[in-house]
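To start, the structure under review is shown below, and the notes come after it.
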Amino acid sequence: LWIEFKDNNPEAVELLARQLEELDIFTEFTDQGIKWNAVTVVLTGHPKNMERMIARPGRRFVTKAVASISADDPSANPGLGNRWLWYSLDWKKYVGWDGKGAVTLNQLNRLRQVLELAHAKGRKVRFYRSPDRKEFWALAKQERVDLVGTNKLSELAQFWLDWVKPSDPDGSHLGLLNR
């Protein structure tokens with residue numbers, strides 16, 4: 003579950019914390035590790051509210067996603083309290099391909115570099131402002147982007163169903179990617 007803080011309203015932090023504590027379905031993050039559960043909450047958006055939520059005393063049911071990536075970023079680990087496990091990156095800034103025509107080698111290399119760096123740091127990647135089309139979904143699947151967001155849920159669901167064909171597990175029957 004992705005939750006985005008749109009502004010610097012401390013009341014939103016307290017409201018969200020109370021709501022998360024009411025149900026026993028959320029993954030819990032501690033300095034010792036992660037207790038996985040049915041729903042994992044990832045925060046994005048306003049940095050001050052993300053930090054307020056992460057720094058709250060008591061049980062913590064959220065981790066955060068950061069909107070930039072650097073080789074200088076620390077690795078994700080329990081010593082950091084599992085407070086930061088995701089990157090939520092602007093597709094247009096980091097890759098730039100609009101999903102039409104072939105992805106260029108330069109764009110593909112940028113995507114691979116971002117994913118390699120994030121995964122080496124123990125984090126996962128979700129892109130926002132990515133093309134909401136089959137060509138992007140195919141590239142994301144091929145390159146192992148960790149999370150694909152969409153406003154076209156039924157189309158994406160059908161895409162994944164079509165992708166998984168026992169006779170063609172890599173999805174080349176879809177004809178969407180130049181290999």
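For the working numbering, count along the sequence shown from 1 and bump the result up by 2. For glycine and all other residues, C-beta sits at the position ideal for the given N, C-alpha and C. Nothing here was measured: the structure is a model prediction, and the numbers come from that model.
Spatial neighbours of residue i within its chain, please: C-beta separation below 6 Å, excluding the five flanking residues on both sides.
| i | result |
| --- | --- |
| Trp93 | Phe129, Arg131, Ser132 |
Grab the span of the alpha helix (DSSP H) containing residue i for me, first residue to last.
| i | result |
| --- | --- |
| Lys50 | 49-57 |
| Val116 | 107-122 |
| Ser156 | 155-165 |
| Lys136 | 136-145 |
| Leu18 | 12-24 |
Go ahead and label residue i buried or exposed: buried means 16 or more other beta carbons lie within 10 angstroms of its beta carbon, across all protein chains shown.
| i | result |
| --- | --- |
| Arg61 | exposed |
| Ala73 | exposed |
| Trp162 | exposed |
| Val41 | exposed |
| Arg20 | exposed |
| Ala105 | Checking the displayed sequence, the identity of residue 105 turns out to be Val instead of Ala. With 16 or more Cβ atoms within 10 Å of its Cβ, Val105 is classed as buried. |
Bridge partners for residue i per DSSP, in chain order?
| i | result |
| --- | --- |
| Tyr130 | Asp92 |
| Glu6 | Thr46 |
| Ala67 | Trp88 |
| Val41 | Phe28 |
Excluding the 5 residues flanking residue i on each side, which residues of the same chain have their C-beta closer than 7 Å to its C-beta?
| i | result |
| --- | --- |
| Glu145 | Leu113, Arg114, Leu117 |
| Arg54 | Pro12, Val15 |
| Leu178 | Residue placement at Leu178 is poorly supported in this model, since its pLDDT is 48, which falls under 50; the coordinates are not used for a value here. |
Do the CB positions of residue i and residue j come within less than 8 Å of each other?
| i | j | result |
| --- | --- | --- |
| Gly101 | Phe138 | yes |
| Tyr89 | Val127 | yes |
| Leu91 | Arg125 | no |
Looking only at its chain, what residues have a beta carbon closer than 8 Å to the beta carbon of residue i, apart from the 5 residues adjacent to it on each side?
| i | result |
| --- | --- |
| Leu158 | Trp139, Val150, Thr152 |
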